[in-house]
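Following this note's numbering, the numbering of the sequence shown begins with 399 at its first residue and continues without gaps.
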Amino acid sequence: MKTHHSVTLAMLAGFGLGTVAVEGLHAQAKPPVYQVVEIEPSNMEAYVKDYVPKAQAAIKAAGGKFLAAGGKTTTIEGEPPKARVVIQQWDSVEKIQAYRDSAAFKDLLPLRNSMAKFRSYAVEGVPQ
399 MKTHHSVTLA MLAGFGLGTV AVEGLHAQAK PPVYQVVEIE PSNMEAYVKD
449 YVPKAQAAIK AAGGKFLAAG GKTTTIEGEP PKARVVIQQW DSVEKIQAYR
499 DSAAFKDLLP LRNSMAKFRS YAVEGVPQ
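Here's what the structure looks like:
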């Protein structure tokens, strides 16, 4: 009888561990989301000095990762961007929205809106 209980308990434990492992694999398979932001600063020097460090710190604290931030942009086809381009990587669109709903983002809004015009959109990555 003790052997029967031990085998049953081992089977249940194995099932539970298997379920956790499969969920972990599903989470790893979910592709990241990329946020592309076009920024037209009204005063580049003040924007870089006063806004950028605060915004980058808040985005990183919320889980965003910078892949490109205002570096040289080379036009391959079509019209060149008229603005500074920033590309961020996030775990999900929900994480981006959570950041935009956060107190940190809302605290930066007056400064942000006084220094530049923004256009932003999110693009889902391709599953690996």
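In this text, a Cβ means the ideal position worked out from N, Cα and C, and glycines have one as well.
Treat the numbers as computed from the prediction; the structure is a model and nothing was measured.
### Query
What residue does the beta strand (DSSP E) around glutamate 522 start on, and which one ends it?
514-522
### Query
Taking the Cβ atom as the reference point for each residue, do valine 446 and serine 518 lie within a distance shorter than 8 Å?
no
### Task
Starting from the C-beta of glycine 544, find all residues in its chain whose C-beta is less than 7 Å away, skip the five residues before and the five after it, and write them out in chain order.
No answer is possible for residue 544: the residues shown for the chain start at 399 and end at 526.
#### Entry: Identity of the residue in Glu443, Ile437, Ala459 nearest phenylalanine 503 by Cα
Ala459
### Message
Less than 6 Å between C-beta atoms, sequence neighbours within five positions excluded: which residues of the same chain meet that for valine 521?
### Response
Only Tyr432 meet the Cβ criterion.
### Whole-angstrom distance between valine 484 and glycine 469, CA atom to CA atom
8 Å
### alpha helix (DSSP H) runs wholly inside the segment 431-517, at least 4 long, in chain order
The qualifying runs are 450-459, 491-499, 501-513.
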